[in-house]
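These notes are about the structure you will find just below.
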Amino acid sequence: MNKDKPDYLLDGYYETEIGVIHVYCTGDSLEDCVRRSIKGHPDFGNVRIWASGGYLCADKYDVTQDIYKMLEQIKEKE
1 MNKDKPDYLL DGYYETEIGV IHVYCTGDSL EDCVRRSIKG HPDFGNVRIW
51 ASGGYLCADK YDVTQDIYKM LEQIKEKE
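Structure follows, in structure tokens:
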């Protein structure tokens, strides 16, 4: 992570067949956190997500719709 700027925090959850899974991730940006979440949570992006995010504090704003848009772009590139 780049220490010249504050960490981005992503805090949320998603539903699976076995229940709700909590996601908490830090990174350089929302996209960095989304990519990390995909790697750490194989179902992330394939099911309904609720998340908030921001620099230094994850409760700044709802980023759920931003994540869905980003997931589409990431999947198109891969």
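Residue numbers (our numbering): 1 to 78. Glycine included, each C-beta is placed from N, C-alpha and C at the ideal position.
Considering only residues of the same chain and omitting the five flanking positions on each side of CYS25, which have a CB-CB separation below 7 Å?
Numbered from its first residue, the sequence shown carries residue 25 at position 25. Cβ within range, chain order: LEU10, CYS33, ARG36, SER37.
Thinking ILE21 and HIS41 are a contact (beta carbons under 8 Å), I'd like their distance in whole angstroms, please.
By one-based count along the sequence shown, residue 21 stands at place 21. By one-based count along the sequence shown, residue 41 stands at place 41. Between ILE21 and HIS41 a beta carbon distance of about 6 Å is seen, short of the 8 Å cut, so the two are scored as contacting.
Start and end of the beta strand (DSSP E) containing SER52?
Mapped onto the sequence shown, residue 52 falls at position 52. Per DSSP, SER52 belongs to the beta strand (DSSP E) from 49-55.
Compare the C-alpha of THR16 against each of ASP28, LYS39, PHE44 and name the closest.
In the sequence shown, counting from the first residue as 1, residue 16 sits at position 16. Of the candidates ASP28, LYS39, PHE44, PHE44 places its Cα closest to the Cα of THR16.
Tell me, to the nearest whole angstrom, how far the beta carbon of VAL23 is from that of TYR8; I am working on the premise that it is less than 8 Å.
Sequence index remark: in the sequence shown, residue 23 carries index 23 (1-based). Sequence index remark: in the sequence shown, residue 8 carries index 8 (1-based). At roughly 13 Å, the Cβ-Cβ gap does not stay under 8 Å, so VAL23 and TYR8 are not in contact.
Locate the beta strand (DSSP E) running through VAL15, then write down its first and last residues.
Along the sequence shown, one-based indexing puts residue 15 at 15. The sequence as given places Glu at residue 15; Val does not occur at that position. Unbroken beta strand (DSSP E) run through GLU15: 8-16.
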